[in-house]
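Quick note on full-length UniProt numbering: the sequence shown kicks off at 1 and runs consecutively.
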Amino acid sequence: MDRRAGFFILAVALVLLTPQVQPVFAQTSGESPPYDLIIVRNDNLIDYIIALPYSTLLGVPILPVDPNELDAATIAQLQSYYQFGWYKVLVIGDYQAISQKVQEQLISIGFQVTRIGGATRVDTSVKLAEEFYPEGANTVLLASASDYGSALAAARWSMNYKDPLLLTNPENLSPSVVDALKKLNPDLIVLIGAGMNKNIELELQNLGYETYWVKEHIKITVSSTTPPAKTNWAVVVGAVALTLAVAIPASLYYAKKKWSANKVPIEVLTEKERIVVKAILDQGGSVKQEDLPELTGYSRPTISRIIQELEKKQLVEREKIGKTFIVRLTKEIIMRE
(Lines of atoms letter the chains of each structure in order from A and count residues from 1; the text may use other names and numbers.)
(Lines give C-alpha, C1' and ligand atoms only; values in the text may rest on other atoms or scores of the structure.)
Protein backbone atom coordinates (compact mmCIF):
# COMPACT_ATOMS: atom_id res chain seq x y z
CA MET A 1 0.00 0.00 0.00
CA ASP A 2 1.54 3.37 -1.01
CA ARG A 3 1.64 6.42 1.25
CA ARG A 4 -1.23 8.19 -0.54
CA ALA A 5 -3.55 5.19 -0.25
CA GLY A 6 -2.76 4.88 3.43
CA PHE A 7 -3.51 8.55 4.03
CA PHE A 8 -6.80 8.22 2.17
CA ILE A 9 -7.97 5.29 4.27
CA LEU A 10 -7.03 7.20 7.44
CA ALA A 11 -9.06 10.19 6.24
CA VAL A 12 -12.05 7.91 5.66
CA ALA A 13 -11.83 6.59 9.20
CA LEU A 14 -11.54 10.07 10.68
CA VAL A 15 -14.54 11.48 8.87
CA LEU A 16 -16.75 8.60 9.88
CA LEU A 17 -15.85 9.17 13.52
CA THR A 18 -16.23 12.96 13.41
CA PRO A 19 -19.74 14.45 13.86
CA GLN A 20 -20.89 16.90 11.21
CA VAL A 21 -21.28 20.54 12.21
CA GLN A 22 -24.96 21.30 12.65
CA PRO A 23 -26.65 24.71 12.54
CA VAL A 24 -27.37 26.08 16.00
CA PHE A 25 -31.12 26.18 15.36
CA ALA A 26 -31.44 22.64 13.98
CA GLN A 27 -34.57 21.35 15.65
CA THR A 28 -34.91 18.21 17.66
CA SER A 29 -38.15 16.42 18.39
CA GLY A 30 -40.46 18.56 20.51
CA GLU A 31 -38.26 21.65 20.35
CA SER A 32 -39.95 24.83 19.13
CA PRO A 33 -38.11 27.03 16.62
CA PRO A 34 -36.77 30.43 17.70
CA TYR A 35 -38.98 32.09 15.08
CA ASP A 36 -42.54 31.40 13.97
CA LEU A 37 -42.57 33.46 10.78
CA ILE A 38 -40.08 35.02 8.35
CA ILE A 39 -40.98 38.31 6.69
CA VAL A 40 -39.29 39.64 3.54
CA ARG A 41 -39.98 42.48 1.14
CA ASN A 42 -42.26 41.65 -1.79
CA ASP A 43 -40.58 43.84 -4.40
CA ASN A 44 -37.20 42.11 -4.60
CA LEU A 45 -36.89 38.37 -5.12
CA ILE A 46 -33.37 38.06 -3.74
CA ASP A 47 -34.43 38.45 -0.09
CA TYR A 48 -37.02 35.72 -0.61
CA ILE A 49 -34.29 33.47 -2.07
CA ILE A 50 -31.94 34.15 0.84
CA ALA A 51 -34.74 33.31 3.28
CA LEU A 52 -35.59 29.91 1.74
CA PRO A 53 -32.87 27.83 3.52
CA TYR A 54 -33.76 29.29 6.92
CA SER A 55 -37.46 28.77 6.34
CA THR A 56 -36.69 25.09 5.73
CA LEU A 57 -34.25 24.90 8.65
CA LEU A 58 -36.80 26.38 11.07
CA GLY A 59 -39.88 24.75 9.53
CA VAL A 60 -41.73 28.08 9.34
CA PRO A 61 -43.34 30.01 6.44
CA ILE A 62 -42.11 33.11 4.62
CA LEU A 63 -44.47 36.05 4.16
CA PRO A 64 -43.54 38.67 1.54
CA VAL A 65 -44.98 42.10 2.42
CA ASP A 66 -45.00 45.64 1.11
CA PRO A 67 -41.66 47.01 2.35
CA ASN A 68 -43.10 50.44 3.19
CA GLU A 69 -46.37 49.71 5.01
CA LEU A 70 -48.63 46.74 5.71
CA ASP A 71 -51.99 47.02 3.99
CA ALA A 72 -55.27 46.20 5.73
CA ALA A 73 -55.55 42.72 4.19
CA THR A 74 -52.04 41.74 5.28
CA ILE A 75 -52.67 43.04 8.80
CA ALA A 76 -55.84 40.94 9.01
CA GLN A 77 -53.93 37.83 7.88
CA LEU A 78 -51.20 38.46 10.42
CA GLN A 79 -53.75 38.96 13.20
CA SER A 80 -55.24 35.58 12.33
CA TYR A 81 -51.80 33.92 12.33
CA TYR A 82 -50.94 35.53 15.68
CA GLN A 83 -54.01 34.00 17.32
CA PHE A 84 -52.55 30.52 16.81
CA GLY A 85 -49.91 31.46 19.37
CA TRP A 86 -47.16 32.10 16.84
CA TYR A 87 -45.69 35.47 17.69
CA LYS A 88 -41.93 35.39 17.06
CA VAL A 89 -41.11 37.10 13.75
CA LEU A 90 -37.80 37.28 11.92
CA VAL A 91 -37.57 40.25 9.55
CA ILE A 92 -34.89 39.82 6.90
CA GLY A 93 -33.26 43.02 5.68
CA ASP A 94 -32.30 46.41 7.12
CA TYR A 95 -34.61 49.41 7.35
CA GLN A 96 -34.07 50.18 3.67
CA ALA A 97 -35.46 46.74 2.84
CA ILE A 98 -38.30 46.63 5.41
CA SER A 99 -39.28 49.99 6.86
CA GLN A 100 -39.54 51.01 10.50
CA LYS A 101 -43.26 51.54 9.86
CA VAL A 102 -43.73 47.85 9.04
CA GLN A 103 -41.85 46.82 12.17
CA GLU A 104 -44.03 49.09 14.31
CA GLN A 105 -47.18 47.60 12.75
CA LEU A 106 -45.95 44.08 13.54
CA ILE A 107 -45.27 45.02 17.14
CA SER A 108 -48.70 46.64 17.45
CA ILE A 109 -50.31 43.33 16.44
CA GLY A 110 -48.38 41.65 19.25
CA PHE A 111 -45.43 40.13 17.43
CA GLN A 112 -41.96 39.91 18.95
CA VAL A 113 -39.72 41.17 16.13
CA THR A 114 -36.09 40.30 15.44
CA ARG A 115 -34.36 41.87 12.46
CA ILE A 116 -31.34 40.43 10.65
CA GLY A 117 -30.03 42.35 7.68
CA GLY A 118 -27.18 44.34 6.23
CA ALA A 119 -26.71 47.32 3.95
CA THR A 120 -26.55 45.01 0.90
CA ARG A 121 -27.89 41.59 -0.05
CA VAL A 122 -24.34 40.26 0.38
CA ASP A 123 -24.16 41.60 3.93
CA THR A 124 -27.61 40.19 4.71
CA SER A 125 -26.55 36.71 3.56
CA VAL A 126 -23.43 37.01 5.73
CA LYS A 127 -25.35 38.07 8.85
CA LEU A 128 -27.83 35.21 8.45
CA ALA A 129 -25.09 32.61 8.02
CA GLU A 130 -23.23 33.88 11.07
CA GLU A 131 -26.44 33.95 13.13
CA PHE A 132 -27.55 30.43 12.24
CA TYR A 133 -24.10 28.80 12.14
CA PRO A 134 -22.17 30.28 15.11
CA GLU A 135 -20.13 27.08 15.47
CA GLY A 136 -19.04 27.17 11.83
CA ALA A 137 -19.78 24.77 8.97
CA ASN A 138 -17.94 22.03 7.11
CA THR A 139 -19.23 23.29 3.75
CA VAL A 140 -20.26 26.76 2.61
CA LEU A 141 -22.20 27.54 -0.56
CA LEU A 142 -21.31 30.64 -2.59
CA ALA A 143 -23.30 32.25 -5.41
CA SER A 144 -23.40 35.54 -7.28
CA ALA A 145 -25.50 38.28 -5.69
CA SER A 146 -26.52 39.37 -9.20
CA ASP A 147 -27.52 36.03 -10.74
CA TYR A 148 -30.89 35.12 -9.24
CA GLY A 149 -30.99 31.75 -11.00
CA SER A 150 -27.71 30.61 -9.46
CA ALA A 151 -28.70 32.05 -6.08
CA LEU A 152 -31.96 30.11 -6.28
CA ALA A 153 -30.10 26.88 -7.12
CA ALA A 154 -27.73 27.55 -4.19
CA ALA A 155 -30.72 28.08 -1.91
CA ARG A 156 -32.17 24.74 -3.01
CA TRP A 157 -28.83 23.08 -2.27
CA SER A 158 -28.75 24.73 1.14
CA MET A 159 -32.29 23.52 1.84
CA ASN A 160 -31.20 19.94 1.03
CA TYR A 161 -27.86 19.79 2.80
CA LYS A 162 -28.26 22.38 5.59
CA ASP A 163 -25.14 24.27 4.50
CA PRO A 164 -24.93 28.08 4.94
CA LEU A 165 -25.42 30.21 1.82
CA LEU A 166 -23.34 33.30 1.08
CA LEU A 167 -23.72 35.74 -1.80
CA THR A 168 -20.81 37.71 -3.21
CA ASN A 169 -20.07 40.52 -5.59
CA PRO A 170 -19.83 38.80 -9.00
CA GLU A 171 -16.50 40.42 -9.92
CA ASN A 172 -14.51 39.88 -6.73
CA LEU A 173 -14.85 38.30 -3.33
CA SER A 174 -16.76 40.69 -1.07
CA PRO A 175 -14.85 41.72 2.09
CA SER A 176 -17.76 40.75 4.34
CA VAL A 177 -17.72 37.27 2.78
CA VAL A 178 -13.99 36.95 3.53
CA ASP A 179 -14.67 37.84 7.17
CA ALA A 180 -17.60 35.41 7.36
CA LEU A 181 -15.50 32.56 5.99
CA LYS A 182 -12.95 33.10 8.75
CA LYS A 183 -15.73 32.58 11.29
CA LEU A 184 -17.42 29.68 9.50
CA ASN A 185 -14.03 27.99 8.84
CA PRO A 186 -15.28 25.54 6.16
CA ASP A 187 -13.35 22.59 4.74
CA LEU A 188 -14.95 23.13 1.35
CA ILE A 189 -16.53 26.05 -0.51
CA VAL A 190 -18.95 25.04 -3.26
CA LEU A 191 -19.41 27.74 -5.89
CA ILE A 192 -22.82 27.48 -7.52
CA GLY A 193 -23.69 28.45 -11.08
CA ALA A 194 -22.57 31.21 -13.38
CA GLY A 195 -22.24 34.93 -12.82
CA MET A 196 -18.98 34.88 -10.84
CA ASN A 197 -15.54 35.86 -12.07
CA LYS A 198 -12.96 33.06 -12.12
CA ASN A 199 -10.76 35.26 -9.93
CA ILE A 200 -13.15 34.61 -7.04
CA GLU A 201 -12.21 30.93 -7.00
CA LEU A 202 -8.52 31.78 -7.30
CA GLU A 203 -8.82 34.24 -4.41
CA LEU A 204 -10.50 31.58 -2.26
CA GLN A 205 -7.76 29.09 -3.06
CA ASN A 206 -5.09 31.67 -2.24
CA LEU A 207 -6.76 32.11 1.13
CA GLY A 208 -6.29 28.37 1.72
CA TYR A 209 -9.82 27.11 0.99
CA GLU A 210 -10.62 24.06 -1.10
CA THR A 211 -13.19 24.85 -3.77
CA TYR A 212 -15.59 22.96 -6.01
CA TRP A 213 -17.56 24.69 -8.77
CA VAL A 214 -20.94 23.34 -9.90
CA LYS A 215 -22.25 24.45 -13.32
CA GLU A 216 -19.63 27.15 -13.81
CA HIS A 217 -20.31 27.50 -17.51
CA ILE A 218 -24.09 27.98 -17.62
CA LYS A 219 -24.94 30.17 -20.60
CA ILE A 220 -27.00 33.24 -19.83
CA THR A 221 -28.61 35.39 -22.50
CA VAL A 222 -29.62 38.90 -21.46
CA SER A 223 -32.39 40.18 -23.69
CA SER A 224 -32.65 43.71 -22.30
CA THR A 225 -30.76 46.11 -20.04
CA THR A 226 -33.90 48.05 -19.16
CA PRO A 227 -34.44 48.10 -15.37
CA PRO A 228 -37.45 45.96 -14.41
CA ALA A 229 -40.63 47.60 -13.23
CA LYS A 230 -41.86 47.09 -9.66
CA THR A 231 -42.53 43.41 -9.16
CA ASN A 232 -46.04 42.02 -9.15
CA TRP A 233 -45.83 39.40 -6.39
CA ALA A 234 -48.33 37.07 -8.02
CA VAL A 235 -46.02 36.95 -11.02
CA VAL A 236 -43.00 36.49 -8.73
CA VAL A 237 -44.54 33.47 -6.99
CA GLY A 238 -45.23 31.87 -10.36
CA ALA A 239 -41.69 32.65 -11.45
CA VAL A 240 -40.27 31.09 -8.30
CA ALA A 241 -42.22 27.88 -8.87
CA LEU A 242 -41.11 27.74 -12.50
CA THR A 243 -37.49 28.55 -11.68
CA LEU A 244 -37.40 25.91 -8.95
CA ALA A 245 -38.53 23.33 -11.48
CA VAL A 246 -35.52 24.26 -13.59
CA ALA A 247 -33.08 24.94 -10.75
CA ILE A 248 -33.58 21.67 -8.88
CA PRO A 249 -32.30 19.40 -11.67
CA ALA A 250 -29.64 21.98 -12.54
CA SER A 251 -28.25 22.13 -8.99
CA LEU A 252 -28.23 18.34 -8.72
CA TYR A 253 -27.10 17.75 -12.31
CA TYR A 254 -23.51 17.22 -11.19
CA ALA A 255 -24.56 14.25 -9.07
CA LYS A 256 -26.32 12.36 -11.86
CA LYS A 257 -24.04 12.88 -14.85
CA LYS A 258 -20.54 11.99 -15.90
CA TRP A 259 -17.75 13.27 -13.66
CA SER A 260 -14.67 14.70 -15.34
CA ALA A 261 -12.46 14.86 -12.23
CA ASN A 262 -10.77 11.90 -10.56
CA LYS A 263 -11.48 13.25 -7.10
CA VAL A 264 -15.00 13.72 -5.80
CA PRO A 265 -15.94 15.54 -2.55
CA ILE A 266 -17.84 13.43 0.00
CA GLU A 267 -20.53 16.17 0.04
CA VAL A 268 -21.91 15.01 -3.32
CA LEU A 269 -23.01 11.67 -1.85
CA THR A 270 -26.21 10.93 0.00
CA GLU A 271 -26.00 9.34 3.43
CA LYS A 272 -26.86 5.89 2.04
CA GLU A 273 -24.29 6.27 -0.73
CA ARG A 274 -21.62 7.17 1.83
CA ILE A 275 -22.37 4.00 3.83
CA VAL A 276 -22.11 1.83 0.70
CA VAL A 277 -18.87 3.54 -0.40
CA LYS A 278 -17.43 3.05 3.11
CA ALA A 279 -18.32 -0.66 2.95
CA ILE A 280 -16.53 -0.98 -0.41
CA LEU A 281 -13.49 0.86 0.97
CA ASP A 282 -13.41 -1.45 3.99
CA GLN A 283 -13.16 -4.38 1.59
CA GLY A 284 -10.17 -2.85 -0.18
CA GLY A 285 -12.01 -0.97 -2.91
CA SER A 286 -13.97 -3.87 -4.40
CA VAL A 287 -16.63 -6.21 -3.09
CA LYS A 288 -19.25 -8.68 -4.24
CA GLN A 289 -22.57 -6.90 -4.62
CA GLU A 290 -24.32 -9.79 -2.90
CA ASP A 291 -22.22 -9.09 0.24
CA LEU A 292 -23.27 -5.44 0.53
CA PRO A 293 -26.67 -6.06 2.20
CA GLU A 294 -24.94 -7.77 5.14
CA LEU A 295 -22.17 -5.15 5.27
CA THR A 296 -24.54 -2.16 5.24
CA GLY A 297 -27.83 -3.42 6.67
CA TYR A 298 -29.72 -2.40 3.52
CA SER A 299 -31.98 -4.70 1.52
CA ARG A 300 -30.92 -6.10 -1.85
CA PRO A 301 -33.30 -3.78 -3.82
CA THR A 302 -31.96 -0.77 -1.90
CA ILE A 303 -28.36 -1.79 -2.61
CA SER A 304 -29.21 -2.24 -6.27
CA ARG A 305 -30.67 1.29 -6.49
CA ILE A 306 -27.70 2.83 -4.69
CA ILE A 307 -25.20 1.05 -6.94
CA GLN A 308 -27.11 2.23 -10.01
CA GLU A 309 -26.89 5.84 -8.78
CA LEU A 310 -23.17 5.47 -8.07
CA GLU A 311 -22.70 4.04 -11.56
CA LYS A 312 -24.49 7.03 -13.08
CA LYS A 313 -22.07 9.29 -11.23
CA GLN A 314 -19.23 7.06 -12.52
CA LEU A 315 -17.99 6.45 -9.00
CA VAL A 316 -18.22 2.65 -9.26
CA GLU A 317 -18.15 0.00 -11.95
CA ARG A 318 -19.53 -3.51 -11.93
CA GLU A 319 -18.00 -6.63 -13.47
CA LYS A 320 -19.99 -9.83 -13.77
CA ILE A 321 -18.02 -12.84 -12.64
CA GLY A 322 -19.96 -16.08 -12.74
CA LYS A 323 -23.35 -15.44 -11.16
CA THR A 324 -22.35 -12.39 -9.16
CA PHE A 325 -21.22 -8.79 -9.71
CA ILE A 326 -17.98 -7.35 -8.39
CA VAL A 327 -18.39 -3.66 -7.47
CA ARG A 328 -15.27 -1.48 -7.65
CA LEU A 329 -14.68 2.18 -6.83
CA THR A 330 -13.40 4.07 -9.87
CA LYS A 331 -12.64 7.47 -8.31
CA GLU A 332 -11.15 8.81 -5.13
CA ILE A 333 -13.72 10.08 -2.63
CA ILE A 334 -12.42 13.07 -0.68
CA MET A 335 -13.46 12.34 2.88
CA ARG A 336 -13.35 15.11 5.49
CA GLU A 337 -12.97 15.44 9.22
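Here a beta-carbon is modelled for each residue, glycine too, at the ideal position from N, C-alpha and C. A quick note: this is a predicted structure, and the numbers were derived from the prediction, not measured.
Rounded straight-line distance, which links the Cα of residue j to that of residue i
{"i": "D47", "j": "P34", "result": "20 Å"}
{"i": "I189", "j": "L57", "result": "20 Å"}
{"i": "E271", "j": "N206", "result": "31 Å"}
{"i": "Y87", "j": "E317", "result": "54 Å"}
{"i": "A26", "j": "I307", "result": "Below a pLDDT of 50, predicted positions are generally treated as unreliable, and A26, at 49, falls in that range; the measurement from the model is reported next regardless. Each residue's alpha carbon lies about 31 Å from the other."}
Where residue i falls, given that 16 or more other Cβ within 10 Å makes a residue buried
{"i": "F84", "result": "exposed"}
{"i": "G322", "result": "exposed"}
{"i": "P64", "result": "buried"}
{"i": "T324", "result": "exposed"}
{"i": "T168", "result": "buried"}
{"i": "D163", "result": "buried"}
{"i": "D282", "result": "exposed"}
{"i": "N42", "result": "buried"}
{"i": "A250", "result": "With a pLDDT of only 49 at A250, under the threshold of 50, the placement of this residue in the model should not be trusted, and no figure is reported."}
{"i": "P301", "result": "exposed"}
{"i": "K278", "result": "buried"}
Neighbourhood of residue i by C-beta distance below 8 Å, restricted to the same chain and skipping five residues each side
{"i": "P186", "result": "G136, A137, N138, T139, V140 and Y209"}
{"i": "S99", "result": "P67, N68 and E69"}
Cβ shell of residue i (< 6 Å), same chain only, five flanking positions each side left out
{"i": "K303", "result": "A small correction: the amino acid at residue 303 is Ile; Lys does not occupy that position in the sequence shown. Within the same chain, I303 has close Cβ partners L292 and P293."}
{"i": "E319", "result": "I326"}
{"i": "Y82", "result": "I109 and G110"}
Residues near residue i by beta carbon distance below 7 Å, same chain, minus five either side
{"i": "E201", "result": "L191, T211 and W213"}
{"i": "E309", "result": "E273"}
Coil, strand or helix - residue i by DSSP
{"i": "T56", "result": "helix"}
{"i": "T120", "result": "coil"}
{"i": "P170", "result": "coil"}
{"i": "K101", "result": "helix"}
{"i": "S108", "result": "helix"}
{"i": "H70", "result": "His is not the amino acid found at residue 70; the sequence shown has Leu there. The answer is coil: DSSP assigns L70 none of H, G, I, E or B."}
{"i": "V293", "result": "The amino acid at residue 293 is misidentified as Val; the sequence shows Pro. If DSSP states are grouped into helix, strand and coil, P293 belongs with the helices."}
{"i": "S260", "result": "With a pLDDT of only 43 at S260, under the threshold of 50, the placement of this residue in the model should not be trusted, and no figure is reported."}
Candidates the options, of which the one nearest residue i by Cα
{"i": "D123", "options": "Q314, F111, T114 and I92", "result": "I92"}
{"i": "K312", "options": "E273, S299, E290 and T296", "result": "E273"}
{"i": "V113", "options": "D94, V126 and A129", "result": "D94"}
{"i": "R121", "options": "L269, I109 and S146", "result": "S146"}
{"i": "Y133", "options": "I326, L184 and V177", "result": "L184"}
{"i": "A154", "options": "V178, K215, Q96 and D71", "result": "K215"}
{"i": "I75", "options": "I107, K88 and A51", "result": "I107"}
{"i": "R115", "options": "L166, V89 and I109", "result": "V89"}
{"i": "V264", "options": "N172, G297, Q314 and K198", "result": "Q314"}
{"i": "L204", "options": "G193, V177 and A194", "result": "V177"}
{"i": "G118", "options": "E332, L166 and I280", "result": "L166"}
{"i": "N197", "options": "M159, L142, K182 and I49", "result": "L142"}
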